[in-house]
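Protein chains in written order, with numbering that gives the first Met the number 0: chain A, 0 to 133; chain B, 0 to 133; chain C, 0 to 129; chain D, 0 to 129; chain E, 0 to 101; chain F, 0 to 101.
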Amino acid sequence: MSSKKFMFVNRKAPYGTVYALESLEVVLISAAFDQDVSLAFIDDGVYQITNGQDTTGIGQKNFSKAYKALGDYDISKLYVEKESLAERGLTQDDLMDLVWEDEDDDWAEKSSIILVSREEMAAVMAEQEVTLSF
Amino acid sequence: MSSKKFMFVNRKAPYGTVYALESLEVVLISAAFDQDVSLAFIDDGVYQITNGQDTTGIGQKNFSKAYKALGDYDISKLYVEKESLAERGLTQDDLMDLVWEDEDDDWAEKSSIILVSREEMAAVMAEQEVTLSF
Amino acid sequence: MKYTVMINEGPYQHQSSDTALQFVRAALEKGHEIFRVFFYHDGVNNGTRLSVPPADDRLLQKEWSELGIKHGLDLVICIAAAQRRGLMDESEAKRQGLDADNIIEGFRISGLGQLIEGGIQSDRTIVFGD
Amino acid sequence: MKYTVMINEGPYQHQSSDTALQFVRAALEKGHEIFRVFFYHDGVNNGTRLSVPPADDRLLQKEWSELGIKHGLDLVICIAAAQRRGLMDESEAKRQGLDADNIIEGFRISGLGQLIEGGIQSDRTIVFGD
Amino acid sequence: MAMLHIVNKSPFEKVTFDSCLGHASAGDSILMIEDAAVGAIDGTAFADKLKAAMADKSIYVLAGDLTARGLSEDRIIDGIKTVDYAGFVDLTADNETTQSWL
Amino acid sequence: MAMLHIVNKSPFEKVTFDSCLGHASAGDSILMIEDAAVGAIDGTAFADKLKAAMADKSIYVLAGDLTARGLSEDRIIDGIKTVDYAGFVDLTADNETTQSWL
Numbered sequence: 000m001s002s003k004k005f006m007f008v009n010r011k012a013p014y015g016t017v018y019a020l021e022s023l024e025v026v027l028i029s030a031a032f033d034q035d036v037s038l039a040f041i042d043d044g045v046y047q048i049t050n051g052q053d054t055t056g057i058g059q060k061n062f063s064k065a066y067k068a069l070g071d072y073d074i075s076k077l078y079v080e081k082e083s084l085a086e087r088g089l090t091q092d093d094l095m096d097l098v099w100e101d102e103d104d105d106w107a108e109k110s111s112i113i114l115v116s117r118e119e120m121a122a123v124m125a126e127q128e129v130t131l132s133f
Numbered sequence: 000m001s002s003k004k005f006m007f008v009n010r011k012a013p014y015g016t017v018y019a020l021e022s023l024e025v026v027l028i029s030a031a032f033d034q035d036v037s038l039a040f041i042d043d044g045v046y047q048i049t050n051g052q053d054t055t056g057i058g059q060k061n062f063s064k065a066y067k068a069l070g071d072y073d074i075s076k077l078y079v080e081k082e083s084l085a086e087r088g089l090t091q092d093d094l095m096d097l098v099w100e101d102e103d104d105d106w107a108e109k110s111s112i113i114l115v116s117r118e119e120m121a122a123v124m125a126e127q128e129v130t131l132s133f
Numbered sequence: 000m001k002y003t004v005m006i007n008e009g010p011y012q013h014q015s016s017d018t019a020l021q022f023v024r025a026a027l028e029k030g031h032e033i034f035r036v037f038f039y040h041d042g043v044n045n046g047t048r049l050s051v052p053p054a055d056d057r058l059l060q061k062e063w064s065e066l067g068i069k070h071g072l073d074l075v076i077c078i079a080a081a082q083r084r085g086l087m088d089e090s091e092a093k094r095q096g097l098d099a100d101n102i103i104e105g106f107r108i109s110g111l112g113q114l115i116e117g118g119i120q121s122d123r124t125i126v127f128g129d
Numbered sequence: 000m001k002y003t004v005m006i007n008e009g010p011y012q013h014q015s016s017d018t019a020l021q022f023v024r025a026a027l028e029k030g031h032e033i034f035r036v037f038f039y040h041d042g043v044n045n046g047t048r049l050s051v052p053p054a055d056d057r058l059l060q061k062e063w064s065e066l067g068i069k070h071g072l073d074l075v076i077c078i079a080a081a082q083r084r085g086l087m088d089e090s091e092a093k094r095q096g097l098d099a100d101n102i103i104e105g106f107r108i109s110g111l112g113q114l115i116e117g118g119i120q121s122d123r124t125i126v127f128g129d
Numbered sequence: 000m001a002m003l004h005i006v007n008k009s010p011f012e013k014v015t016f017d018s019c020l021g022h023a024s025a026g027d028s029i030l031m032i033e034d035a036a037v038g039a040i041d042g043t044a045f046a047d048k049l050k051a052a053m054a055d056k057s058i059y060v061l062a063g064d065l066t067a068r069g070l071s072e073d074r075i076i077d078g079i080k081t082v083d084y085a086g087f088v089d090l091t092a093d094n095e096t097t098q099s100w101l
Numbered sequence: 000m001a002m003l004h005i006v007n008k009s010p011f012e013k014v015t016f017d018s019c020l021g022h023a024s025a026g027d028s029i030l031m032i033e034d035a036a037v038g039a040i041d042g043t044a045f046a047d048k049l050k051a052a053m054a055d056k057s058i059y060v061l062a063g064d065l066t067a068r069g070l071s072e073d074r075i076i077d078g079i080k081t082v083d084y085a086g087f088v089d090l091t092a093d094n095e096t097t098q099s100w101l
């Protein structure tokens with residue numbers, strides 16, 4: 000099969016609705032198809048990858064650790080919007096340390112999180128061929 | 000049964016979601032229980048009672064005429080927030096002519112729509128005993 | 000104190016069913032009475048017995064069912080909303096000429112009047128939804 | 000042109016199923032090909048055969064079913080989402096030890112890979128949801 | 000590549016429409032469907048934002064969603080085009096890609 | 000009569016929370032649950048609005064919803080109280096009425 004640029008756009012907080020969890024399930028499946036996959040975290044979507052999520056108080060499964068597996072599946076482009084973080088009083092320090100290993104650079108561990116401005120995010124979005132929104 | 004002050008709060012546009020329709024169904028049922036019923040239309044809820052709704056283009060049933068029946072069921076207090084209308088470029092002229100007949104005034108036909116400011120709406124809400132939100 | 004609880008969303012899609020479940024449990028633990036739990040809109044989907052989520056996920060429909068049976072709760076599914084969405088008990092399925100039903104034990108199907116009656120009879124009416 | 004359509008919400012609660020249905024009809028009328036319609040999240044609830052809305056309301060699940068059969072559409076319900084929400088076909092119900100199934104004719108249950116494959120194979124992928 | 004942005008949320012209720020405007024590129028098209036249709040009306044608290052976007056983007060509204068909510072086509076902002084479902088399909092075909100703002 | 004307002008929407012996504020603040024009366028209480036919990040954090044674009052409301056209203060947040068979203072209790076605005084589900088029940092009992100902002 001040919002390779003396409005897929006983007007998964009995440010705009011909603013986790014746990015309040017199912018979209019974050021079921022979006023992550025699609026992303027993991029997409030890894031099997033050898034496509035050029037990117038994730039966008041904008042607006043409340045940035046809460047999906049915050050550090051230290053603890054769901055014991057609400058009776059739901061904490062699925063945030065699954066984001067850490069993305070790098071192992073060669074999904075290493077997680078675009079996070081600076082403006083969305085700032086509006087919510089968050090910085091990159093509040094996000095999980097998501098990494099991948101670069102095969103072409105002696106398996107050096109690199110961050111999967113790409114902080115971008117809204118304008119840069121728009122440019123990334125404009126390059127996509129298939130955009131799935133949740 | 001004792002009589003309580005019930006308020007049905009409508010904040011969402013019709014047709015995009017089912018809440019407006021299913022809220023109206025509860026309101027009509029409530030008439031059989033002889034309670035003191037009020038309706039609040041705030042935020043996008045004001046679109047529920049706009050004049051001239053025509054759903055032929057979207058394949059859904061136009062249920063707006065059912066609001067006209069409310070007066071016959073002695074549901075005659077429809078509080079509509081002025082600020083919500085103004086923000087949306089609407090005035091009372093854009094709303095349906097919803098009326099009831101006043102038994103104590105020789106069955107004179109009176110408007111069921113009570114235009115209130117946000118502050119007045121807050122005061123009405125504060126008096127309620129059961130508030131159902133949709 | 001006597002409560003009626005209204006739930007407007009189905010399980011999983013929105014947190015409201017989870018929150019309502021925790022709320023009802025906490026209220027019962029405090030000795031309050033749950034007069035009725037009324038499932039409206041997509042909330043009716045909390046009453047299906049055909050759900051089989053992944054083993055590590057909660058099974059909300061069963062948790063409601065078990066809580067209801069244990070405490071003798073009146074778990075009511077709105078009939079009009081249920082008909083639109085395909086939630087059926089045995090007698091309603093028969094009446095509609097359908098070949099299957101899917102309601103879980105502990106729930107019953109009834110009319111919207113049950114919600115209003117709940118509001119009248121209870122000290123507090125709490126709405127959970129989207 | 001070849002389309003894949005994804006639907007994230009169930010019938011009635013949200014307009015997305017209505018809009019998607021009208022979109023697919025219009026696309027077919029224009030001679031486009033619908034490669035696949037993928038029902039995800041609460042969208043799986045579009046595939047129940049137990050729905051009986053009021054006589055003056057539309058029956059969305061049946062409209063999808065009939066449109067699918069007429070045009071040979073590939074209407075796919077996500078299995079993981081379906082299991083959470085209680086949408087079952089005969090073989091899946093049997094496999095899970097359930098005593099009933101509720102899927103309507105014209106739909107099939109399959110995995111999330113079907114959505115990605117749809118995106119790869121189609122010229123356009125359109126998402127409808129909330 | 001020109002993109003069609005499909006937005007279905009009222010600009011008075013959610014930030015979705017704002018976010019769409021902030022992420023659409025010059026030359027893109029934006030189609031308002033479902034509850035977003037109310038954003039097409041002139042004289043609202045949102046109209047100026049949409050007019051600003053029209054400087055370098057084409058804006059469309061699904062007519063059926065507008066009239067369903069009691070809003071007639073003669074009240075929409077000058078320059079916004081109405082389409083039916085067939086027109087919606089054409090927009091998805093004429094633009095290389097689409098993005099839904101939910 | 001004192002009212003408990005229950006809000007479950009993120010103030011960054013929907014106007015619901017704003018609408019709640021605009022309709023709550025002096026002496027009322029506001030409880031943030033589900034996605035609304037993110038509104039409790041200090042230093043956000045919403046914090047000043049909530050601080051203004053605290054002049055004559057009591058504000059609570061459901062702790063489980065806060066921590067689920069990776070936000071620790073030491074980051075919330077000074078004066079907001081955290082509750083668990085038992086505390087949620089107490090709030091509904093202590094206030095004569097409740098209104099949910101969905």
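The beta carbon of each residue, even a glycine, is placed where N, CA and C say it ideally should be. None of the values given here were measured: they were computed from a predicted structure.
Within 9 Å of the CB of E33 of chain F, no CB atom of chain E is found; the nearest one sits about 16 Å away. Collapsing the DSSP output to three states places Q98 of chain E in a strand. Interface with chain A (8 Å Cβ-Cβ cutoff): Y39 of chain C is excluded. Counting only runs of at least 3 residues, the stretch 2-56 of chain D fully encloses the following beta strand (DSSP E) elements, listed from N- to C-terminal order: 32-38.
Closest option to K93 of chain D, judged by alpha-carbon separation, among C:H13, C:G105 and C:V51: C:V51.
Assignment of K109 of chain B by DSSP, reduced to helix, strand and coil, places it in the strand class.
Partner residues in the beta bridge of H4 of chain E, as assigned by DSSP, are E:I29 and E:Q98. Listed along the chain, the chain C residues whose CB falls inside 7 Å of the CB of Q47 of chain B amount to none; the nearest CB is some 16 Å away.
For the pair of segments examined, the stretch 37-55 of chain F was found to touch the stretch 65-72 of chain F: the number of CB pairs separated by less than 8 Å reaches three.
Assignment of D43 of chain B by DSSP, reduced to helix, strand and coil, places it in the helix class. Between the alpha carbons of I78 of chain C and F34 of chain D lies a distance of about 36 Å.
Counting every other CB atom within 10 Å of its CB across the protein chains shown gives W63 of chain D a total of 16 or more, marking it as buried. Residue range L74 to C77 is occupied by the beta strand (DSSP E) that includes I76 of chain C.
When DSSP states are grouped into helix, strand and coil, L97 of chain A belongs to the coil group. For the 8 Å CB-CB criterion, G15 of chain A and Q14 of chain C form a contact.
Interface annotation for the stretch 53-77 of chain D against chain B: D55, D56 and R57, criterion Cβ-Cβ distance under 8 Å.
The C-beta separation of L20 of chain C from L59 of chain C comes to about 7 Å, placing the pair in contact by the 8 Å criterion. The Cβ neighbour count for D92 of chain B, taken over all protein chains shown within 10 Å, is under 16; the residue is labelled exposed. Y59 of chain E carries a strand assignment under DSSP once its states are collapsed to helix, strand and coil. Its Cα nearest to that of A25 of chain D, the residue E:D89 stands out among E:N7, E:D89, E:I75 and E:I79. Counting the other Cβ atoms within 10 Å of the Cβ of I68 of chain C gives fewer than 16, which makes it exposed. For the stretch 10-22 of chain D, the set of residues with a beta-carbon nearer than 8 Å to any beta-carbon of chain B comprises Y11, Q12, H13, Q14, D17, T18, L20 and Q21, in chain order. For F7 of chain A and L114 of chain A, the gap between their C-alpha atoms comes out near 16 Å. By the CB criterion at 8 Å, G112 of chain D and L86 of chain D fall outside the cutoff. Judged by their CB atoms, S111 of chain A and L84 of chain A are not nearer to each other than the 8 Å cut-off. I102 of chain D and V36 of chain D have their C-alpha atoms spaced approximately 16 Å apart. In this structure the stretch 41-57 of chain E does not touch the stretch 42-61 of chain B; the number of beta carbon pairs closer than 8 Å is below three.
In the three-state reduction of the DSSP assignment, S109 of chain D falls in the strand class, which pools E and B. Note on geometry: alpha-carbon atoms of I79 of chain F and A12 of chain B lie some 33 Å from one another. Partner residues in the beta bridge of R123 of chain C, as assigned by DSSP, are C:Y2. Rounded to whole angstroms, the separation of the alpha carbons of I6 of chain C and Q12 of chain C is 13 Å. Residue pairing from DSSP places Y78 of chain B in a beta bridge opposite B:A39 and B:I113.
In terms of Cβ geometry, A30 of chain A and Y72 of chain A form a close pair [threshold 8 Å].
8 Å or more divides the Cβ of I115 of chain D from the Cβ of F133 of chain A.
At least one CB of chain C lies nearer than 8 Å to the CB of Q59 of chain A.
In the structure shown, the three-state DSSP call for I68 of chain C is helix.
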